[in-house]
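Novice:
In my numbering, the protein residues as written are 39 to 413.
1) Tell me where the alpha helix (DSSP H) around residue 276 begins and ends.
2) Within this structure, are the beta carbons of residue 295 and residue 286 separated by less than 8 angstroms?
3) What number of angstroms, rounded off, separates the C-alpha of residue 303 from the C-alpha of residue 250?
4) Tell me, which residues are paired with residue 341 by DSSP?
5) Just reading off the alpha helix (DSSP H) that residue 318 is part of, what are its end residues?
6) Span of the alpha helix (DSSP H) holding residue 394?
7) Taking the C-alpha atoms as reference points, what is the distance between residue 103 and residue 394?
8) Roughly how many angstroms lie between the CA atoms of residue 230 and residue 237, to the nearest whole one?
9) Starting from the C-beta of residue 240, find all residues in its chain whose C-beta is less than 8 angstroms away, skip the five residues before and the five after it, and write them out in chain order.
10) Around the Cβ of residue 317, are there at least 16 other Cβ atoms within 10 angstroms (buried) or fewer (exposed)?
11) Thinking residue 278 and residue 255 are a contact (beta carbons under 8 angstroms), I'd like their distance in whole angstroms, please.
12) Taking the continuous alpha helix (DSSP H) assigned at residue 127, which residues delimit it?
13) Less than 8 angstroms between the beta carbons of residue 192 and residue 224, yes or no?
14) Measure the alpha-carbon distance for residue 83 versus residue 381 and round it to whole angstroms.
15) In whole angstroms, what is the alpha-carbon distance linking residue 276 and residue 259?
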């Protein structure tokens, strides 16, 4: 049957006071009893800040946790195509958040998933709310979305193994040999992934292990490679190595971090950063000619010789302005459908106005200028 969405329905969950466009960073009274345990959401806003910082470092690194996305930018024909790829990714990604919110609202209305939040998705799909035909379409869409990420990750992982490992160890390899190496690498990644999947007991546990324990180990090395001219291979390797060593230690001995995700993430990121600086200072310097060739091709921000940056100062300033407006456009693109689902009409109207202004500015200052420069 049809379910009517209204403020009374959303107000049924204990954190309903957080349903607002402007985030709240701390709420002393926000604790939720769930069975024999008490969930502490008082510091949830600060967790979001840490999560935002992690996402910024991923973006600065270029590939971070989405290696296949960066490869699409590398393969783009020009700046205009890069802008299209970025905008398409944002628009497609915007459907994820209202979908998740929709399932949560349905779970509240249907009274499912209260004992274990991980059961919300299957219980809602298997409920009588979805007719059999629609249920099949939803399951097929979920599988298609999962496979699109799965195959992209496999392709990216295989390319790293072939180009950065096998290709370096065997520089005389022919094209046919590299193709067969890519087949084997893809198969190995698939079988290792399936083997690890058989050990999964909790989706949240896997998410924490990957995002909290593994990602911070290479966030700083991936970011510094673009923005610090003195950064070298030894610094990169030591940063990743020390980060993963800390990750493994805290995974085996979680009591060292008190079992707190923010402490774990910060510790791994901090040790990895120290490793980057130690390795860079102790390792050999990269030749100035090689650095100059890289800088002239990429023209990055950051700590580079001042005389190199002087010729691109205007370009960097324009990019910063575009970045600021693009971030506003991206955030409002994500928020608008969610505040509409929560019937926060005042916030929705304000966000739509901001989104419209940002869209017009980006169209004139990014797409039109990029199109003229490509001609």
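Built from N, CA and C at the ideal position, the CB exists for glycine as well.
Specialist: From the atom records:
1) Segment 271 to 290, the alpha helix (DSSP H) holding residue 276.
2) Taking 8 angstroms as the Cβ cut-off, residue 295 and residue 286 do not qualify as a contacting pair.
3) For residue 303 and residue 250, the distance between alpha carbons rounds to 5 angstroms.
4) According to DSSP, residue 341 bridges with 266.
5) That run of the alpha helix (DSSP H) goes 299 to 320.
6) From DSSP, the alpha helix (DSSP H) with residue 394 extends over 383 to 400.
7) Interpretation of residue 103 is limited by its pLDDT of 48, a score under 50 that renders its predicted location unreliable; no figure is taken from the coordinates.
8) Rounded to whole angstroms, the gap between the alpha carbons of residue 230 and residue 237 is 11 angstroms.
9) Closer than 8 angstroms at the Cβ level, and outside the excluded window around residue 240, lie 156.
10) In summary, residue 317 is buried, with 16 or more beta-carbon neighbours lying within 10 Å of its beta-carbon over all protein chains present.
11) Indeed, because the Cβ distance is near 6 angstroms, the residues count as touching under 8 angstroms.
12) Element bounds for residue 127: 117 to 131.
13) Yes, the Cβ-Cβ distance between residue 192 and residue 224 is below 8 angstroms.
14) Their Cα atoms are separated by approximately 22 angstroms.
15) The straight-line gap from Cα to Cα measures roughly 9 angstroms.
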